[in-house]
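K.L.:
When the letters of the sequence shown are read in order and numbered with the numbering used here, they come out as residues -13 to 361. Take this structure, written in structure tokens, and hold onto it; I'll ask about it next.
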Amino acid sequence: QENRALKNHLEDEKKEKKQYAKEKEILIKEIKNLRKRPQSVEELKSEVNEFESRSRENQSRYQDLLTEYNTLTQSYEKILTDQSGKDEEERLPEKIIQELEEELQELKNEKKELQKELNDEKRLFEISLAREIRRIEKDWENKIKRLKTEKIRVTRFADQIIEEGEAPVWLITYSDMATLLLTFFILYYSIAAVNLDRFKEAILGTEEASIGLLELLDSLEIEESIQEFTGLKSDNILSDITDVVQTQGDVGTSESKIVVRVPGATLFPSGSAALQKSGQPVLDEVIRIFKKYQRYKIHIQGHTDDIPISTDRFPTNWELSAARATAVLRYFIDRGIEAERLTATGYADTFPLVPNETPIGRAKNRRVEFVLEKE
């Protein structure tokens, strides 16, 4: 009876898998339609929110199904293990045992294929969204270039007329308007770039710690282009960080601050504030960049998920997050970073990046952040 129940459960899971595959195909078609359809920035934001929700839901379903596969696999393995320890009279017939072994292998193969589909789902959504955002960014760049060219042309024409003493009043107003319009578009473009940064951060930040660290955001390039255009760019710290942590962390910008995020699982074992050796190369590369740019204060911030902890050393997540931030600070000092540039703060689960409703979300929120701020 137990064997029959397991078979029925497996059939139900296969049906659910087919249903998930259909939903995935629908999502792919919608993403392709979005890429082909010209839309404004505001309309794209609405679509991004919708796709983000659907993508997370699909990924959560895939993850739940993988958990079910793990449970079934363990059940099959337990049955086979128990059979090996029984007397010949108590054992199941060899034919049934062979069928169980074949079903177990099939189950493992399906689980492997499901994991691949889950990874493909995440990658497809990331690529499609990034392509659409780059298209909008390019449109804004072209608009600014055209306005800049128009302003230069009008200014030269106005200077020439004024030198000849024949400047009409309307020309001065028109020249001022062109300048104001250019300023407006630069401001609007920079705001749009920041907002797109937040949307990409929300979507691309759903990778599990086991899959690897997050990729950098494309909008950093736009942020740099704005700084160069407006004359505000004074160093290359963004590009240097990009080169160093393009596969080792997540970087964002907010006003005059730069935020570098590293998943907690990269640096610490679960429930511990002891730095693990596998995370030290990441910190060493970050330290190398921080030494190069001495004018930046470094605020080290520890964050946890909302699952309570209660140990002798860490009664709550406040103690754990503070201890992790302090451990990183001490590591920085030991590697030559000046103590006066550093602060360490623990925030427990008070500033989640995403809801703590799924294992993926909780993994995203367990992190250490480096907030760089010019003195």
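We put the CB at the ideal spot given by N, CA and C, even for glycine. All values derive from a computational prediction rather than experimental measurement.
Return helix, strand or coil for E201, following the three-state DSSP convention.
P.N.:
Reliability of the predicted coordinates at E201 is poor, the pLDDT of 33 falling under 50, and the value obtained from them is presented with this limitation in mind. DSSP places E201 in coil when its eight states are reduced to three.
K.L.:
Does K131 get closer than 7 Å to chain C when you measure Cβ to Cβ?
P.N.:
The structure shown contains no chain C, having only a single protein chain.
K.L.:
Assuming the contact rule is C-beta atoms closer than 8 Å, I273 and F356 should be a hit. Round their C-beta distance to whole Å, please.
P.N.:
Rounded, the Cβ-Cβ distance is 10 Å, inconsistent with contact.
K.L.:
Okay, do the segment 315 to 323 and the segment 290 to 300 touch, 3+ Cβ pairs below 8 Å being the bar?
P.N.:
No, the segment 315 to 323 is not in contact with the segment 290 to 300.
K.L.:
May I have the straight-line CA-CA distance separating E85 from Q91, to the nearest angstrom?
P.N.:
For E85 and Q91, the distance between alpha carbons rounds to 10 Å.
K.L.:
Closest to G332 by CA distance: which of Q287, E343, L339 is it?
P.N.:
Taking only the C-alpha atoms, the option nearest G332 is Q287.
K.L.:
Opposite V248 in the DSSP bridges: which residues?
P.N.:
According to DSSP, which records beta bridges pairwise, V248 is partnered with V354.
K.L.:
When the Cα atoms are used, what is the spatial distance from F276 to P267?
P.N.:
Distance between the alpha carbons of F276 and P267: 14 Å.
K.L.:
Compute the Euclidean distance between the alpha carbons of L339 and P249, then round it to the nearest angstrom.
P.N.:
Whole-angstrom Cα-Cα distance: 12 Å.
K.L.:
Looking only at its own chain, which residues have a Cβ that is under 8 Å from the Cβ of R352, when we skip the five neighbours before and after it?
P.N.:
The answer, listed in chain order, is A195, P249, G250, A251, H289, T290, D291.
K.L.:
Opposite I286 in the DSSP bridges: which residues?
P.N.:
I286 is bridged to A330, F356.
K.L.:
Should N56 go down as buried or exposed, given a rule of 16 or more other Cβ atoms within 10 Å for buried?
P.N.:
With fewer than 16 other Cβ atoms within 10 Å, it is exposed.
K.L.:
In terms of residues, what are the limits of the alpha helix (DSSP H) holding Y317?
P.N.:
Looking at the DSSP string, the run of the alpha helix (DSSP H) that includes Y317 is 303 to 320.
K.L.:
Just the Cα atoms here: how many angstroms apart are T329 and L261?
P.N.:
About 18 Å.
K.L.:
Straight-line CA distance for R299 to D335?
P.N.:
Near 18 Å, if we compare the C-alpha coordinates of D335 and R299.
K.L.:
Would you kindly work out how many angstroms separate the C-alpha atoms of K278 and Q101, rounded to a whole number?
P.N.:
Cα to Cα, K278 sits roughly 41 Å from Q101.
K.L.:
What separation, rounded to the nearest whole angstrom, lies between the Cα atoms of A311 and E87?
P.N.:
A311 and E87: Cα-Cα distance of roughly 49 Å.
K.L.:
CA-CA distance, A349 and W304?
P.N.:
Distance between the alpha carbons of A349 and W304: 17 Å.
K.L.:
So for E343, helix, strand or coil by DSSP?
P.N.:
Three-state DSSP puts E343 in coil, outside helix and strand.
K.L.:
Along the alpha helix (DSSP H) that carries D270, what are the first and last residues, could you check?
P.N.:
Run containing D270: 266 to 278, per the alpha helix (DSSP H) assignment.
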